[in-house]
């Protein structure tokens, strides 16, 4: 157990304090409500608890048992064994935020490594130590842009091809602020340049996703130019795996890069904890929320690392801070750091190419089937939209019988995309799995044709 | 601690030096000492801006604290110290000289009457310790 | 000697990890969209494992020793939790899978919601918030939505005691609320007169940390809540200090309307060097409809043979999502395991022993260190890290010297209402021997402060690095190392 006091020790401690019983320590608590009778089950031993938890886990169908083609913001990738082995070091995971640099150099230097890797991956100049996830990173980008213009620009141009959850979170955060969001009702088939006419002198920030929620990849150079011509900033929410292959937002001229870092060595875990990436240009560093590690020296002349620019943060600025963020995703950032260190320039490029080629093979196999067609002709990375002959939930129910986890039903978020499925393919999907998916879908398309005859 | 007698002060540790109709604004020696090593100064107003007494005109950061600088008087900004953001340590070394922040053309000189003189400011500091 | 950076370890051409070859026909890559260089490090697995292992050895963690960091509840993180979170059925489940394929995760989340409701005395709980600060944001957004729904959108003032964590005012300001600070009285309670003066039609709510950051249970808590409610406001409870209250008192029973829990403090999920946290929020009946969605509920009740069918539901007047997907499930699995292993009796023991340990340390140290609000404390207490006879020594010096004895220092310079504050929270998982060793070190340091102050001023001496130059870090702003330069020199 995790308590140590013997009855004798407990008595001795009470004597030192000068009270008779444990109950005496709680006299300040209103007597009427003191020591409630909690309706909780009795304690279990570790053996029993683990066994109960295994039962819960077994009641799930994990993607180790299924062939998964589900993405939509969370992706199944291989995680090298060394990642978790290092994460399990108690020195890392049982430490707090590194406020005392003398005994936290491990955490601090790892964050410095993380910042360096994110900067290199995104083509930006500075990265913070992380936000909660891809969604809140976008919400923080809006807060930052609004603060950057000292509240004088209140318009945000938001692409409808940004993840629906991210857009919902942005609205939750902005409710009650003067920020006005436009663009979400634009035609989904249009590319990012359709946003340009909405950018005006009141615009603080333009937000797009890259690859977008539908997997499409677009050159963002003109959008960046249009935003800058109006004095606005451009934020790009990225999938980091895609940046192993594709041009960086930095090359297009983006001012802020956010993203969901989960693909970088973090298990799916039913949606979290994940990792919010956030990088920007040097000139905006003080407007960026979140922790930041800088290099310095100690009083013995050694190189050392320390949390810096902390005067921007809530514990000093209180109500004047631009964000309330405190805890970040420390251990998840460490997972991504170790993953990127291991894969390095060759591995990350290789995994990106594997995803790209397999997704294109899958798209070709599926669209060759009667009744299925690609929704867009735009280039895509590892996710694509297929128009289906049947409602997506029916198809997915059928696929589950083949132990296949089908794609995301876009009709849930976009009524105009009823019967459209978003399919993700990664290095985890073998050719054989993709062929089995196509075969299972083929059965349905034939059944459907038969039913019309 | 240095509290020049020719200046006027605010409760919030700003000073103002008035010459004719122009006031020069900065933070006091006591304020810089409380903040410790200043690492960053950002001036939040531009030449030509109209400001009211109490508006914030600059923000200052040390490694462990942040402070806003508020206008002791209302008026029009006629100059800002453009060198200061590049030499924030000047706030520590020369708070009443090189580390001035803005110059303002007073629109309501009677506001000066509400400010503290050196001895009142000295007393305020003594009371807070 | 310092550990090299990744960019210094990188050797051009070295490969760290290989994936299988492409097993499908290759598609043409999108022309004009490819990056020309990928300036990431080139290492192999041995380099990487040694680099991070050596870095880990420069850290202090709970697994190494005592960590009495006030308000952070650095309790032991049970190892079985780590096993549970990594069970394949939990770790490898996609958040958007059909609900019928994730009944295990949904059942766990449902049960966790129920237990948190029971412990806090609330009618509804959301597990979505990512951390305490996000739980606070959720809570304040719920308070605002409630007033708006009642046609009271003029209520935009949030009262915050001067002893509160900085996140409270930052959160309120972020939600577009106006912050008014309320001072503490001589016993460390909320000053009732100051509170009464602010109770008007613009009052949206009060954010109350109880026990407060002095570690004191507010003796007037019922009156505080009554005053705020009478003025039409709601009371937000900051659950950062909930470790003092498990099975002792339910915040909901005291009239608190909204409260966030910190699974990473109270329920033993690891702090991870600064996250991930998890900040579920509990609410009273009248606020249930405003919770962020989705929540887990029973869609079809079970019977003797079949378990219930669980699914996601959206509250009617929800403030919306605060996070993609459903929150930090991995943290929920850990917290659930912890709660299951403590059960009803264990839950109360957690708080009793946390409070016993704090009071024991207070009793051992109060003659050597001034304790400004010296009464029975809850799970933590605040001492002054200064002595009138040696003005040169500050809390910082004591904190740094503690490291030489192998202890993590207490939180220092917080709360702001105590000079040179040292905020000490031992938690329930420390033994009497550990507490005594810490108290002995603190007493020894008080002696050294007089006999050899230089020892404190120049501390720490036995750590991997000494005191660091924070001014240089903030002025020169070196925030990353470039892999690019390594690449260029190799060509």
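Chains as they are written, first to last, in our numbering: chain A, 1 to 453; chain B, 454 to 582; chain C, 583 to 1073. Each residue gets a CB set at the ideal place from its N, CA and C atoms; glycine is no exception.
Nearest to residue i by CA position, among the options, is which residue?
i                       : options                    : result
residue 662 of chain C  : A:75, A:127, A:2, A:78     : A:2
residue 401 of chain A  : A:68, A:33, A:54, A:41     : A:68
residue 477 of chain B  : B:574, B:566, B:551        : B:551
residue 826 of chain C  : C:1007, C:761, C:854       : C:1007
residue 290 of chain A  : C:951, C:918, C:815, C:749 : C:749
residue 45 of chain A   : C:928, C:831, C:1024       : C:928
residue 117 of chain A  : C:621, C:934, C:1044       : C:621
residue 1037 of chain C : C:975, C:1016, C:996       : C:975
residue 135 of chain A  : A:191, A:316, A:272        : A:272
residue 81 of chain A   : A:339, A:363, A:186        : A:339
residue 406 of chain A  : A:232, A:417, A:391        : A:391
residue 120 of chain A  : A:11, A:162, A:244, A:311  : A:244
Alpha carbon to alpha carbon, how far is residue j from residue i? Give it in angstroms, no decimals.
i                       : j                       : result
residue 747 of chain C  : residue 911 of chain C  : 26 Å
residue 325 of chain A  : residue 762 of chain C  : 20 Å
residue 168 of chain A  : residue 276 of chain A  : 16 Å
residue 63 of chain A   : residue 947 of chain C  : 55 Å
residue 1047 of chain C : residue 270 of chain A  : 40 Å
residue 384 of chain A  : residue 420 of chain A  : 10 Å
residue 828 of chain C  : residue 735 of chain C  : 35 Å
residue 1044 of chain C : residue 607 of chain C  : 59 Å
residue 798 of chain C  : residue 34 of chain A   : 16 Å
residue 144 of chain A  : residue 288 of chain A  : 6 Å
residue 430 of chain B  : residue 514 of chain B  : Nothing in the structure corresponds to residue 430 of chain B, since chain B is present only between 454 and 582.
residue 647 of chain C  : residue 988 of chain C  : 7 Å
residue 596 of chain C  : residue 624 of chain C  : 5 Å
residue 666 of chain C  : residue 48 of chain A   : 12 Å
residue 660 of chain C  : residue 855 of chain C  : 16 Å
residue 362 of chain A  : residue 425 of chain A  : 8 Å
residue 645 of chain C  : residue 1016 of chain C : 13 Å
residue 160 of chain A  : residue 495 of chain B  : 36 Å
Ordered along the chain, which non-local residues of its own chain (more than five positions away) have a Cβ less than 7 Å from that of residue i?
i                      : result
residue 282 of chain A : 125, 126
residue 500 of chain B : 530, 531, 532, 533
residue 236 of chain A : 208, 210, 220, 249, 254, 257
residue 655 of chain C : 825, 847, 848, 1007, 1009
residue 898 of chain C : 871
residue 822 of chain C : 653, 714, 747, 791, 844, 847
Residues of chain A with CB under 7 Å from residue i, in chain order?
i                      : result
residue 905 of chain C : 132, 133, 135, 136, 169
residue 931 of chain C : 3
So does residue i have its beta carbon nearer than 7 Å to some heavy atom of the ligand NAP?
i                      : result
residue 374 of chain A : The ligand NAP is absent from the structure shown, which contains no ligand whatsoever.
Using a C-beta to C-beta distance shorter than 7 Å, which residues of chain D count as neighbours of residue i?
i                      : result
residue 514 of chain B : The chain inventory of the structure shown lacks chain D, comprising the protein chains A, B and C.
Using a C-beta to C-beta distance shorter than 8 Å, which residues of chain C count as neighbours of residue i?
i                      : result
residue 492 of chain B : 1053, 1056, 1057
Only counting the same chain, and skipping five residues up and downstream in sequence, which positions put a Cβ closer than 8 Å to that of residue i?
i                       : result
residue 958 of chain C  : 941
residue 13 of chain A   : 5
residue 1069 of chain C : Low per-residue confidence applies at residue 1069 of chain C: pLDDT is 39, beneath 50, and the placement is therefore not dependable enough to give any value.
residue 435 of chain A  : 365
residue 588 of chain C  : 623, 625, 633, 1063, 1065
residue 341 of chain A  : 113, 117
CB-CB under 6 Å to residue i, same chain, minus the five flanking residues each way: which ones, in chain order?
i                      : result
residue 981 of chain C : 991, 994
residue 578 of chain B : 483
Using the beta-carbon of each residue, which ones in chain C are nearer than 9 Å to residue i?
i                      : result
residue 358 of chain A : 604, 605, 606
Give the residues of chain A in contact with residue i, contact being defined as C-beta atoms less than 8 Å apart.
i                      : result
residue 518 of chain B : 311, 316
Say whether the segment 833-851 of chain C touches the segment 676-689 of chain C, bearing in mind that this needs 3 or more beta-carbon pairs closer than 8 Å, one atom from each stretch. no
- Message: Between the segment 87-101 of chain A and the segment 617-632 of chain C, can you find at least three pairs of beta-carbon atoms closer than 8 Å?
- Response: Contact between the segment 617-632 of chain C and the segment 87-101 of chain A is absent: fewer than 3 CB-CB pairs across the two stretches fall below 8 Å.
The segment 324-341 of chain A contacting the segment 81-89 of chain A, beta-carbon criterion three pairs below 8 Å: yes
Validate contact between the segment 238-258 of chain A and the segment 207-225 of chain A using beta carbons, cut 8 Å, 3 pairs: Taking 8 Å as the limit for Cβ pairs, the verdict is that the segment 207-225 of chain A does touch the segment 238-258 of chain A.
- Task: May I ask you to verify whether the segment 346-353 of chain A touches the segment 362-374 of chain A, counting CB pairs closer than 8 Å and requiring at least 3?
- Result: No, the segment 346-353 of chain A is not in contact with the segment 362-374 of chain A.
Quiz item: For the segment 24-44 of chain A against the segment 127-140 of chain A, are there 3 or more C-beta pairs whose distance is under 8 Å?
Solution: no
Legend entry - Cβ contact (3+ pairs, closer than 8 Å) linking the segment 764-774 of chain C and the segment 145-159 of chain A: Not touching, per the Cβ criterion.
The segment 905-923 of chain C contacting the segment 708-725 of chain C, beta-carbon criterion three pairs below 8 Å:
Yes: the two stretches touch, three or more of their Cβ pairs being nearer than 8 Å.
If we count Cβ pairs, one from each stretch, closer than 8 Å, do we get three or more for the segment 554-572 of chain B versus the segment 389-398 of chain A? Judged by Cβ distances under 8 Å, the segment 554-572 of chain B makes no contact with the segment 389-398 of chain A, as fewer than three pairs qualify.
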